[in-house]
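The block underneath contains the structure these notes are about, expressed in structure tokens.
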Amino acid sequence: MKTPSPRLQLALKTLLGLSLALPLLTAQANETPKTLAGVKLVSAEETKKLLDGGVPVYDTRVAAEYAEKTIKGAKSLPYKEKSAKAVDFDASKDAFDLGKLPGDKAAPLVFFCNAGECWKSYKAAVLAQKAGHSKIHWFRGGMPEWSAKGLPTQ
């Protein structure tokens, strides 16, 4: 069997490297952004402090996830997602009941979901902001961070 030329070997190595890296690049592309302009990112501890102070905390996951386990005291407000998991998502494809948010748009509120690849709380925060809410907190770490800290659940 003839050994491939150095040029062909390089091409094969490049293709192999790209095929191995593609799933990782795709996974990272589906991660929520690290920030959201005009929205304050909060940790599990900050979320607990807000909740203890009477700030409503909204679980944007589906009802079954909420029923299984959620932050103690959180309210279920599912974000029904059909749009792409992307910053420029098309909200017209989704369903979210902004009418269940406080009437006082200057009142603070918190959104969370399952972190990482879960875009529901990100999208809820974007829509709340577009609807005029000005004190939005996004608990990006969501249930995974809350559970890892051993904070109360229901």
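FYI, the numbering for the sequence shown is 2 to 155, going by our numbering.
For each residue, glycine too, the CB sits at the ideal point set by N, CA and C.
A direct Cα-to-Cα measurement between residue 82 and residue 104 gives close to 24 Å. Shown here for residue 86: same chain residues with a beta carbon closer than 6 Å to its own, the five before and five after excluded, namely 31, 120 in chain order.
Under the 10 Å beta carbon count, residue 61 is surrounded by 16 or more other beta carbons and is classified as buried. The beta-carbon distance between residue 145 and residue 116, rounded to whole angstroms, is 5 Å. This is short enough to meet the 8 Å contact definition.
Counting C-beta atoms within 10 angstroms of its own C-beta, residue 126 has 16 or more neighbours from the protein chains shown and is therefore classed as buried. Distance from the CA atom of residue 151 to the CA atom of residue 43, rounded to whole angstroms, is 17 Å. Its chain contains 154 as the residues whose beta carbon lies nearer than 6 Å to that of residue 70, once the 5 sequence neighbours on both sides are disregarded; these appear in chain order.
The DSSP assignment places 121 to 131 as complete runs of the alpha helix (DSSP H) inside the region 95 to 144, in order along the chain (cut-off: 4 residues). The beta carbon of residue 140 sits closer than 6 Å to those of 43, 48, 111, 113, all from its chain and outside the five residues before and after it, given in chain order. Taking 8 Å as the upper bound for CB-CB distance, residue 73 and residue 138 are not in contact here, some 17 Å apart. Annotated three-state conformation of residue 67 is helix, per DSSP. Bridge partners of residue 78 according to DSSP: none are assigned. Burial state of residue 65 is exposed, judged by a 10 Å Cβ sphere holding fewer than 16 other Cβ atoms. Less than 9 Å divides the Cβ of residue 101 from the Cβ of residue 76. Rounded to whole angstroms, the Cβ separation of residue 80 and residue 124 is 6 Å, and the two are in contact under 8 Å. No residue range can be given for residue 91, since it is assigned to no beta strand (DSSP E) and is classified by DSSP as neither H nor E.
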